[in-house]
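Chains as they are written, first to last, in our numbering: chain A, 75 to 264; chain B, 99 to 347.
C-beta: ideal position from N, C-alpha, C; glycine also.
One structure is given here, and the rest of the page talks about it.
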């Protein structure tokens, strides 16, 4: 504790002394950046190094980096142009597709309509034919019914006459006049 | 010696060369000029060898520095100024890499030598003057006569314009040189405090934390300044070149 500050002071002053000494030795000469003894050498070496650097940049580096950047800008412009062209193509394709779709829809509608009309016409014809057949069958059946009815009616007259004669014979006990019976039957039936 | 903040700016001969009685030795300054140029050229060259359409990280950085300088020049000097793009780009990359290399401990900072920055500024002003006269002839002198100034004031305004034009290389070079010099000296001084305080024993070591924090903060600031000074040098170059391209205000 007691030694340290003393030692420090000593070494500190020592240091200071050294620094002063060092400065002293340099102060004999000029401040180095203003020391003109090396001016010629520095100018010459600067001219050589900077001259070579300038030439190297002018001949190699600037064209190269300029080329890279120009290339990239060209590429970007080209890509953009291609993209817009492709977009136009895609738009055209979409328009064509939509046109095609509309056409196809119209065509499908037309075909459907046609098919529907044809089916309707066919159905009509078929219906007419069936109706005509049914009509014919109905007419035949009616004719047969009329025939059978006539026949039945004729039989009914004979049976009625027979029955009437028999009833008269039973009641009266004498054979009835055939023509009178027939006339009576006829009168009842009509 | 270790604590001397000026020591880092000393130039030492590595290969002594003398031509016609003039000392043109290859010094540590020359070595770091070569290092600056080599690293900047290698960065720009090797990151772009693949020339990929979609850049990777490294190529992206090279392209960013290219477009950064290109936009700067186009904004201040227009498309006509783009003919100076290689010059502005090499100045920017040179100053940036020199500043950044100077941030390594024990490395020499090329841009902390006034003669280097002054030579670079002279390259800029020389280009402006030569191109201005080549392109516009004597009309280039119209640069010193702003339009719309009343007749009586013209001599005064011309004098001011001439002085401001002549001070451009000085301000351009001193700005860069002084920032780098001052920054490196400050860093060195604060770093020196750490060592001096650390030698004072436990209490000293405890207080040495303060200059250490300062040094860390200053190092960050120095990196920022390294970039900003390169940017300032490049943008002022662009503005001066604009005068050469369009001398009429």
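The continuous beta strand (DSSP E) containing residue 111/B extends over residues 111–113. Listed by position along chain B, the residues whose Cβ is nearer than 9 Å to that of residue 154/A form an empty set, because the closest Cβ is around 15 Å away. Contacts with chain B at 7 Å (Cβ-Cβ) do not include residue 167/A. Residue 120/A is positioned such that its CB atom lies closer than 7 Å to that of residue 214/B. In the displayed model, residue 224/A falls within a helix according to three-state DSSP. In the three-state reduction of the DSSP assignment, residue 104/B falls in the coil class, being assigned neither a helical nor a strand state. For residue 104/A, the nearest beta carbon of chain B is not closer than 7 Å to its own beta carbon.
Proximity to residue 111/B across 122/B, 105/B, 103/B, 118/B peaks at 122/B, based on C-alpha coordinates. Only buried fits residue 282/B, as 16 or more other CB atoms lie within 10 angstroms of its CB. Residue 298/B has its alpha-carbon roughly 47 Å from the corresponding atom of residue 124/A. In terms of Cβ geometry, residue 135/B and residue 127/A form a close pair [threshold 7 Å]. Per the DSSP secondary-structure output, residue 192/B pairs with nothing in a beta bridge.
In this structure, residue 223/B sits away from residue 184/B, with a CB-CB distance that is not shorter than 7 Å.
Secondary structure at residue 249/A: coil, using DSSP grouped into helix, strand and coil. Its chain contains 255 as the residues whose beta carbon lies nearer than 7 Å to that of residue 247/B, once the 5 sequence neighbours on both sides are disregarded; these appear in chain order. As DSSP reads the structure, residue 216/A sits in no beta bridge. Ranked by Cα distance from residue 125/B, the options 276/B, 231/B, 114/B, 304/B are led by 114/B.
Within chain B, the C-beta atoms nearer than 9 Å to that of residue 145/A come from 149, 151, in chain order. Chain-order list of chain B residues neighbouring residue 114/A: 120, 121, 122, by C-beta distance under 7 Å. In the structure shown, residue 207/B adopts coil according to DSSP, grouped into three states. Within the region 159–176 of chain B, contact with chain A at the beta-carbon level (separation under 8 Å) is assigned to 160, 161, 164, 165.
For the pair residue 122/A and residue 129/A, the Cα-to-Cα distance works out to about 11 Å.
The C-beta of residue 141/B comes no closer than 7 Å to any C-beta of chain A. Pairwise C-beta distances place the region 170–184 of chain B in contact with the region 330–343 of chain B, as three or more of them are shorter than 8 Å.
With respect to the C-alpha of residue 309/B, the residue from 271/B, 296/B, 300/B, 329/B having the closest C-alpha is 296/B.
Secondary structure remark: continuous alpha helix (DSSP H) runs of at least 4 residues inside the region 294–337 of chain B, in chain order: 300–305. Between the beta-carbon of residue 197/B and that of residue 328/B there is about 6 Å, and that keeps the pair under the 8 Å contact cut. Selection 341/B, 232/B, 324/B, 305/B evaluated against residue 209/B yields 324/B as nearest (Cα-Cα). Comparing alpha-carbon positions, the option among 235/A, 106/A, 136/A lying closest to residue 253/A turns out to be 235/A.
Residue 343/B places its beta carbon 7 Å or farther from that of residue 103/B. Around residue 212/B, the beta-carbon contacts reaching into chain A at under 7 Å are 107, 108.
Taking C-beta atoms as the reference points, residue 316/B and residue 285/B count as a pair closer than 7 Å. The Cβ-Cβ distance between residue 217/B and residue 150/A does not fall below 7 Å. The shortest C-alpha to C-alpha distance from residue 275/B to any of 253/B, 330/B, 239/B, 236/B is the one to 330/B. Taking a Cβ-Cβ cut-off of 8 Å, the neighbours of residue 138/B in chain A comprise 127, given in sequence order.
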